[in-house]
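As you go down the protein sequences, you meet chains A and B in turn. Each residue of the first sequence is one higher than the one before, counting from 1 in my numbering. Each residue of the second sequence is one higher than the one before, counting from 258 in my numbering. We put the beta carbon where it would ideally sit given N, CA and C, even for glycine. Owing to the predicted nature of the structure, the values given are computational and were not obtained by experimental measurement.
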Amino acid sequence: VTTAVSDLLEHHSDTVWWYAVVDASAASDALANLGDPTLSCVTVGALGLIVSSEQNALTAVRNAPVQLAGVDQELAKAAVHHDEVVSGLAALVPALVPIRFGTLADSEDLSKLSPSTVERCSSLLERVRSRQEWGLRLMASGEGRTPGQDDDAVSGAAYLAAVRDRHRARRETAARREEAVARLQAELGRLSDEVAQLSTRRPGQLASLACLVHRDRTTAFHDTVRAAQADLSGCGVDAVLTGPWAPYSFTGLGASA
Amino acid sequence: MSSPARSDPSLRAVGTRPANGPARDTLADILERVLDKGVVIVGDVVVSILDIDLLTLKLRLFISSADTAREMGLDWWRNDRFFSGQDENDRDDELERLRARVAELEAGQANGHREEDPA
Chain A
1 VTTAVSDLLE
11 HHSDTVWWYA
21 VVDASAASDA
31 LANLGDPTLS
41 CVTVGALGLI
51 VSSEQNALTA
61 VRNAPVQLAG
71 VDQELAKAAV
81 HHDEVVSGLA
91 ALVPALVPIR
101 FGTLADSEDL
111 SKLSPSTVER
121 CSSLLERVRS
131 RQEWGLRLMA
141 SGEGRTPGQD
151 DDAVSGAAYL
161 AAVRDRHRAR
171 RETAARREEA
181 VARLQAELGR
191 LSDEVAQLST
201 RRPGQLASLA
211 CLVHRDRTTA
221 FHDTVRAAQA
231 DLSGCGVDAV
241 LTGPWAPYSF
251 TGLGASA
Chain B
258 MSSPARSDPS
268 LRAVGTRPAN
278 GPARDTLADI
288 LERVLDKGVV
298 IVGDVVVSIL
308 DIDLLTLKLR
318 LFISSADTAR
328 EMGLDWWRND
338 RFFSGQDEND
348 RDDELERLRA
358 RVAELEAGQA
368 NGHREEDPA
């Protein structure tokens, strides 16, 4: 990996780090407001491709070992920086398609994007226009105290009764939890233009959702989540909201461009 | 860059970033989003967040022009056993060879038994 990326950096001084696609008409104002002199815009028709030739992120990738045990600080910093640039731009423009971390391009190639890629970028921009991604992670927060759990059962019959009560309580909690999650998902579906299920699994995670929400519905979305948090906590579910994000989960452009 | 909602405690949004670096959940959430799809796989990155969450994330590097990449010798992944799956193919071949050898030995042993058995 080191050799390959080093060659790329040494032999192609025009290699750029690609952050996002925006409307070309909004690019210059956004870049001026963001105030990062390393960023520039490659204009392709109505599209503005936001890139940087700044080398820190490239160096972090070049130095990244193939497999990392634990957090690689340089790589983590580069990923956070990537998101900061993308999120900063997203807050300044009406529509932005984020490019995945680690997307390098030759600047000459960028200016010669194929018509189908340009069309796809334009279509994605319209899909996410005036919208933000919000993340909602549903975590099991424990079973809570169930009847009989701490009772000092002195007889076999009392012990079995306590076990039976515990099992029944767990079933009831699980059923309430499922109902509450289903209610929340239905509500989010009503308020969101799209809802995606993220695939990453963490310990205790019941679901991880990404919601594409029109900016006009942000308050209603937050109110719904706030109400759901109270509802869900009663049945052992912790609902953690993240965002706003650039619409990473609704574009996936890095693969196909 | 941060929005008010990211720091609204009543919503328990976790995107706030302390001065000494990203919070655990924030970093995990960022990595979950920014390291995802791509065409040319550079490496599989296993990220352990404070030894609690173990995320297997793929760091992918997209080169805009495949021809440019090949001109520069950036087709190493085709010959790299780790990425090309040749190891797996080699293992399958080895397994086939071993199976054939075992069958051969079993057949020889069975023939030997028949020769030793006068009945």
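With respect to chain B, the C-beta atom of residue 80 of chain A has a partner C-beta closer than 8 Å. Residue environment for residue 83 of chain A: buried (at least 16 other C-beta atoms within 10 angstroms of its C-beta). Contact annotation for residue 350 of chain B against chain A: no contact, minimum CB-CB distance about 24 Å [criterion: below 7 Å].
Around the Cβ of residue 204 of chain A, a 10 Å sphere holds fewer than 16 other Cβ atoms; the residue is exposed. Separation of the CB atoms of residue 184 of chain A and residue 220 of chain A is rounded to 14 Å, and the pair is thereby denied contact status at 8 Å. In the DSSP assignment, residue 214 of chain A is bridged to A/131. The region 106-126 of chain A and the region 217-237 of chain A do not touch, with fewer than three beta-carbon pairs separated by less than 8 Å. Per DSSP, residue 165 of chain A is one residue of the alpha helix (DSSP H) stretching across 156-191.
Among the residues of chain A, none has a CB under 9 Å from the CB of residue 354 of chain B; the nearest is roughly 29 Å distant. Nearest to residue 207 of chain A by C-alpha distance, out of A/100, A/213 and A/237, is A/237.
With contacts defined as CB atoms closer than 8 Å, residue 97 of chain A and residue 121 of chain A qualify as a contacting pair.
For residue 138 of chain A, the secondary structure class from DSSP, reduced to helix, strand or coil, is strand. If you compare the alpha carbons of A/27, A/19 and A/234 with that of residue 139 of chain A, the shortest gap goes to A/234. Collapsing the DSSP output to three states places residue 50 of chain A in a strand. Around the beta-carbon of residue 167 of chain A, fewer than 16 other beta-carbon atoms lie within 10 Å, marking it exposed.
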